[in-house]
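Residues 1 to 376 (full-length UniProt numbering) make up the sequence shown, in order. Here a beta-carbon is modelled for each residue, glycine too, at the ideal position from N, C-alpha and C. These numbers were taken from a predicted model, which means no experiment stands behind them. The structure appears below as structure tokens.
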Amino acid sequence: MFILITSFVVGIFCQNTNYANTNWNKVQGLPSMNATLENYEQLLWLVNISIGVPAQNFSVQVDTGSNILWVPYSVCSNCDINTRYNPSGQSYFKPNGSNYYQAYGSGECSGYVASDIVNIQNTVINTTFTMMFATMEQGFSFPTIMDGIMGISNNQSFTNIFQASFKAGQIKTELYGLVFNQPPLNSYLIFGQINPSLMNQVQWVTPNDIYRWKLFINKFTINGQDYSSQMGSVTSAILDSGTADLIVTEALYGILLKTYLIPAGCIQSGSLYCPCQPTAQELQYLPNITVSFNVVDVTIPFFNLLQNYYVAPQGQQCQVMLTYTSGPPFMVFGDPALLSIIPIFNKTANQIGIIGGVANGIPNGDYPGNEEIDEA
Ligand SMILES: *[C@@H]1O[C@H](CO)[C@@H](O)[C@H](O)[C@H]1NC(C)=O
Ligand SMILES: *[C@@H]1O[C@H](CO)[C@@H](O)[C@H](O)[C@H]1NC(C)=O
Ligand SMILES: *[C@@H]1O[C@H](CO)[C@@H](O)[C@H](O)[C@H]1NC(C)=O
Ligand SMILES: *[C@@H]1O[C@H](CO)[C@@H](O)[C@H](O)[C@H]1NC(C)=O
Ligand SMILES: *[C@@H]1O[C@H](CO)[C@@H](O)[C@H](O)[C@H]1NC(C)=O
Ligand SMILES: *[C@@H]1O[C@H](CO)[C@@H](O)[C@H](O)[C@H]1NC(C)=O
Ligand SMILES: *[C@@H]1O[C@H](CO)[C@@H](O)[C@H](O)[C@H]1NC(C)=O
Ligand SMILES: *[C@@H]1O[C@H](CO)[C@@H](O)[C@H](O)[C@H]1NC(C)=O
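Structure below.
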């Protein structure tokens with residue numbers, strides 16, 4: 001059974017010319033310091049960490065859209081996650097006396113603030129870090145898959161794990177980046193000394209927010225057609241690895257549906273589904289979205305919106321990871337966008353380096369933000 005599935009996956013992989021849309025081809029032969037990420041169904045990207053001495057292991061979701069690192073505490077009466085941190089016999093565990101509460105798009109948690117030694121997957125990152133040990137946690141979609149969340153947002157009121165490790169002299173820079181890929185290719189969290197040949201391809205963009213990795217969008221096009229006016233007042237997007245979807249405005253979603261997806265043979269049945277292996281005719285309609293993030297044009301190829309298309313047989317429908325929001329005044333560019341680029345974050349400088357975009361000549365201006373809204 002297992003061998004059958006494996007050969008089947010490889011067979012599809014060989015046929016799939018769209019595979020080159022992933023980041024992988026760009027990082028071949030360009031090693032940086034890194035930790036391997038587990039890609040769970042293109043819905044979660046997880047990294048193995050250990051906390052404490054002696055070490056206790058956790059697999060936490062890597063989330064550029066939130067602030068804190070947390071795992072459940074041993075005494076957690078209202079917790080769905082079974083992997084818990086046990087403070088007994090720990091040499092470095094140090095509660096700081098405060099409590100903390102965090103809400104997410106889905107899920108919430110609260111607990112004790114404490115510091116301990118945090119190690120990322122046996123790499124040089126092994127430093128004292130302040131985090132939360134949850135005594136309540138509920139509403140998360142995959143409590144049996146993830147043991148917690150590692151927030152690595154842009155919130156300038158927080159020191160993240162890379163900044164802490166950099167300050168401790170363990171890594172040479174405070175940079176971190178995400179190389180998201182579709183399996184069977186590996187995904188990586190890269191950090192510290194990132195290979196110069198990769199850094200040479202970076203185009204730096206200034207976020208219009210000091211809390212989130214949020215970028216102003218100068219232009220929004222679908223298959224070359226300009227729909228910028230349909231953004232209305234929502235002219236920014238956050239880069240959020242903790243969201244599995246591309247979340248656009250309701251007006252843009254309507255256009256994508258009526259003008260592109262329905263003509264391409266996609267169907268709405270609860271969620272949105274499209275042919276996993278479209279015909280040439282269907283392909284003409286399927287939308288490739290290009291946005292201008294100030295200086296750089298980023299294209300999100302349609303295939304990066306299809307969940308698990310690379311393992312789906314001919315004739316099958318794949319779920320489209322696309323939805324709309326009428327909540328926060330910014331779009332949420334989740335994993336489909338992060339599959340399309342390699343983002344490098346310099347939180348100290350409040351800069352995002354984008355690898356995989358095309359320079360467009362638009363100046364890197366001081367664009368308006370939406371700083372008044374607070375949502376994780
Ligand atoms: C990750 O690190 C390993 C070991 O140093 C190296 O062989 C590999 O090429 C690196 N991968 C990336 C994507 O940088
Ligand atoms: C994380 O740890 C688990 C348990 O040891 C292991 O099965 C898995 O392969 C590890 N994941 C990565 C991405 O290294
Ligand atoms: C934690 O994970 C490491 C591999 O990263 C492994 O060597 C070790 O045995 C694990 N510890 C426990 C308690 O499972
Ligand atoms: C405890 O940690 C929080 C969050 O990092 C911090 O704001 C607070 O000042 C700390 N309290 C003490 C007493 O160190
Ligand atoms: C991390 O640091 C602690 C405290 O210095 C040490 O005991 C532990 O062996 C280190 N772990 C790794 C993987 O380097
Ligand atoms: C969308 O991009 C794919 C490559 O990712 C390409 O094959 C396809 O022709 C493009 N579609 C349109 C309508 O330009
Ligand atoms: C990150 O930004 C800081 C602050 O501007 C700067 O000092 C540092 O050199 C930057 N790091 C890299 C590797 O570019
Ligand atoms: C940023 O961090 C501060 C300090 O904890 C917090 O009060 C604020 O809500 C955070 N803002 C966002 C947008 O996460």
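Residue 155 has its Cβ no nearer than 6 Å to any heavy atom of ligand 6. In this structure, residue 362 sits near residue 294, with a CB-CB distance shorter than 7 Å.
Short note on residue 67: C-beta closer than 6 Å to some heavy atom of ligand 8. The C-beta distance from residue 324 to residue 247 rounds to 6 Å, short enough to meet the 8 Å contact threshold. In this structure, residue 360 lies away from residue 271, with their beta-carbon atoms at least 7 Å apart. For residue 259, the secondary structure class from DSSP, reduced to helix, strand or coil, is helix. Sequence-distant partners of residue 278 (beyond 5 residues in either direction) whose C-beta falls short of 8 Å from its own C-beta, in its chain, are 264, 265, 286. Rounded to whole angstroms, residue 329 and residue 89 show a C-alpha spacing of 47 Å.
For the pair residue 180 and residue 338, the CB atoms are nearer than the 7 Å cut-off. Counting only runs that start and end inside the region 322–354, the alpha helix (DSSP H) elements of at least 4 residues fall at 335–338. In chain order, the residues positioned with their C-beta nearer than 7 Å to some heavy atom of ligand 7 are 173, 174, 175, 346, 348, 349, 351. When DSSP reads this structure, residue 134 sits in a beta bridge with 72, 111. For secondary structure counted as the beta strand (DSSP E) over 3 or more consecutive residues, the region 227–304 holds these complete runs in sequence order: 236–239, 246–249, 267–269, 271–275, 289–293, 296–300. Every residue whose Cβ sits closer than 5 Å to any heavy atom of ligand 2 is listed here in chain order: 36, 38, 48.
Residue pairing for residue 199: DSSP places it in no beta bridge.
DSSP lists 274 as the beta-bridge partner residues of residue 318. Judged by the Cβ position, residue 57 qualifies as a neighbour of ligand 3 at the 6 Å threshold, a heavy atom of the ligand being closer than this. DSSP, read as helix, strand or coil, puts residue 172 in coil. Contact fails between the region 105–112 and the region 171–178, because fewer than three Cβ pairs, one in each stretch, are under 8 Å apart. Under the DSSP definition of a beta bridge, residue 215 partners with 237.
Counting along the chain, residue 157 sits inside no beta strand (DSSP E), nor does DSSP assign it H or E at all. The C-alpha of residue 165 lies about 21 Å from the C-alpha of residue 212. In terms of CA proximity to residue 163, 130 leads the group 138, 36, 183, 130. Counting only heavy atoms of ligand 5, the residues whose C-beta sits closer than 6 Å to one of them are, along the chain, 53, 117, 119, 122, 126. Residue 328 has its Cβ no nearer than 6 Å to any heavy atom of ligand 6.
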